[in-house]
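In what follows, a structure is listed as structure tokens, so that the remarks can point back to it.
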Amino acid sequence: PNRLCYAGTVLHAVGDPLEKSRSPMQIGAELYGHSGLESDYEAIQLMLEMLAISGIQNLHLDLGHVSIYRGLVELAGLNVAQEAELFDVLQRKAGAELGELVERFPVGDGFKTIFNALPKLNGGQDVLDQAGKLLAGIDANGMLAAALADLRGIADRLRRDYPVLSLSFDLAELRGYHYHTGIVFAAFVPSLGREIARGGRYDNVGQVFGRARAATGFSADLKVLATFYDVSADAPVRTVFAPYCEDADLRETVRDLRASGVQVIQQLPGQQGGAEDMGCNAILEKQAQCWVVKSLA
């Protein structure tokens with residue numbers, strides 16, 4: 001498997017109505033080459049840890065599985081036009097229209113019942129039990145039962161590792177339906193009217209290039225995450241002031257400090273102002289033939 005991450009500006013022709021910018025700074029992670037539930041869970045875990053580091057609290061995670069809708073459409077034998085109509089109505093959560101549309105479909109009562117029930121199949125663990133009962137009579141190839149088993153498997157892992165995480169299921173969640181192929185997930189916070197991060201499985205992403213490779217991952221907008229980050233919670237950055245001195249040991253010490261991530265400001269000859277004027281909170285001082293960092297606090 002290959003694990004990748006990325007960050008870059010994305011330009012949208014039409015911006016999200018809940019966002020102020022049409023150019024989010026998109027960040028994300030992807031795991032290629034593994035089709036098992038373990039890689040789906042790894043992506044979800046990484047997303048949750050990223051959000052925790054960003055300082056986000058009261059997080060809610062929503063899980064879905066596009067194979068449930070896709071499998072229903074396939075088993076019902078809907079044509080392209082019928083599927084497009086059904087997809088549109090479900091996306092708009094138009095309950096009255098859904099009932100009228102489904103009634104026109106040339107399908108059995110079992111399919112009509114489950115199509116009408118889809119928008120209501122969202123909530124806690126009991127949603128999976130309800131869906132299992134509704135799907136039992138029409139799941140000829142076991143595809144739907146396998147999708148529900150995947151959701152239960154992820155939920156069990158989440159409850160084990162994140163016992164206080166708020167978790168729900170939405171079996172009619174179809175955003176990214178034409179892109180995703182399996183489990184989908186989205187993270188929400190009460191103060192934001194949309195998901196703060198989302199992801200899922202997309203095994204067919206390379207099909208147009210002749211290689212449909214198993215893949216899962218997630219993405220988020222760094223600009224949005226930054227609004228939740230509390231800079232004051234960070235440990236103070238150590239900035240060290242190094243005196244001007246033609247000393248090989250000093251030069252080596254400065255190089256070592258910088259290599260370890262410490263900020264070092266080197267004094268210049270004739271410079272006015274000392275360490276505090278340069279915003280430093282420590283200095284390099286020679287003690288017993290060695291250069292050591294001494295705090296100014």
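No gaps in the numbering here: position 229 of the sequence shown is 229 in full-length UniProt numbering, and each next residue is one more.
Positions of the beta carbon are idealized from the N, C-alpha and C atoms, including for glycine.
In this text, all values refer to a predicted model and were calculated from it rather than measured experimentally.
{"query": "For residue 8, report the span of its beta strand (DSSP E) as first-last.", "result": "2 to 9"}
{"query": "Count the other CB atoms within 10 Å of the CB of residue 4; is the residue buried (16 or more) or exposed (fewer)?", "result": "exposed"}
{"query": "Whose C-alpha, out of 94, 119, 133 and 125, is nearest the C-alpha of residue 110?", "result": "133"}
{"query": "If you draw a straight line from the alpha carbon of residue 93 to that of residue 86, how long is it in whole angstroms?", "result": "10 Å"}
{"query": "Kindly list the residues whose CB is nearer than 6 Å to the CB of residue 186, restricted to its own chain and excluding five residues on each side of it in sequence; keep chain order.", "result": "62, 195 and 198"}
{"query": "Starting from residue 184, follow its DSSP beta bridges and name the residues at the other end.", "result": "64 and 200"}
{"query": "Look at the alpha carbon of residue 292 and the alpha carbon of residue 223, and state the distance between them as a whole number of angstroms.", "result": "39 Å"}
{"query": "Which of the three DSSP states, helix, strand or coil, is assigned to residue 71?", "result": "helix"}
{"query": "Whether or not the segment 96 to 109 and the segment 210 to 229 are in contact is what I'm after, with contact meaning three or more pairs of Cβ atoms, one per stretch, closer than 8 Å; do they touch?", "result": "no"}
{"query": "Look at the alpha carbon of residue 31 and the alpha carbon of residue 41, and state the distance between them as a whole number of angstroms.", "result": "11 Å"}
{"query": "Round the Cβ separation of residue 154 and residue 114 to the nearest angstrom and send it over; I've been treating them as touching at under 8 Å.", "result": "So it is not a contact: roughly 22 Å between Cβ atoms."}
{"query": "Just reading off the alpha helix (DSSP H) that residue 41 is part of, what are its end residues?", "result": "37 to 53"}
{"query": "Measuring CB to CB, does residue 77 end up less than 8 Å from residue 147?", "result": "no"}
{"query": "Based on DSSP bridge pairs, tell me the residues matched to residue 27.", "result": "7 and 220"}
{"query": "Throw me the rounded Cβ distance for the residue 242 and residue 284 pair, which I believe falls under 8 Å.", "result": "5 Å"}
{"query": "For residue 122, which beta-bridge partners are listed by DSSP?", "result": "170"}
{"query": "Starting from the C-beta of residue 205, find all residues in its chain whose C-beta is less than 6 Å away, skip the five residues before and the five after it, and write them out in chain order.", "result": "215"}
{"query": "Excluding sequence positions up to five away, which residues of its chain have a Cβ less than 7 Å from the Cβ of residue 83?", "result": "73"}
{"query": "Which one of 52, 267 and 265 has the shortest CA to CA distance from residue 165?", "result": "52"}
{"query": "Let me make sure I understand the geometry here. Which of 263, 252 and 213 has the alpha-carbon closest to that of residue 237?", "result": "263"}
{"query": "Secondary structure at residue 138, three-state DSSP: helix, strand or coil?", "result": "coil"}
{"query": "Please confirm if residue 37 has its CB atom under 8 Å from at least one CB of chain B.", "result": "You won't find chain B in this structure, because it holds only one protein chain."}
{"query": "To which residues of the same chain is residue 124 closer than 7 Å at the C-beta, ignoring the five residues directly before and after it?", "result": "168"}
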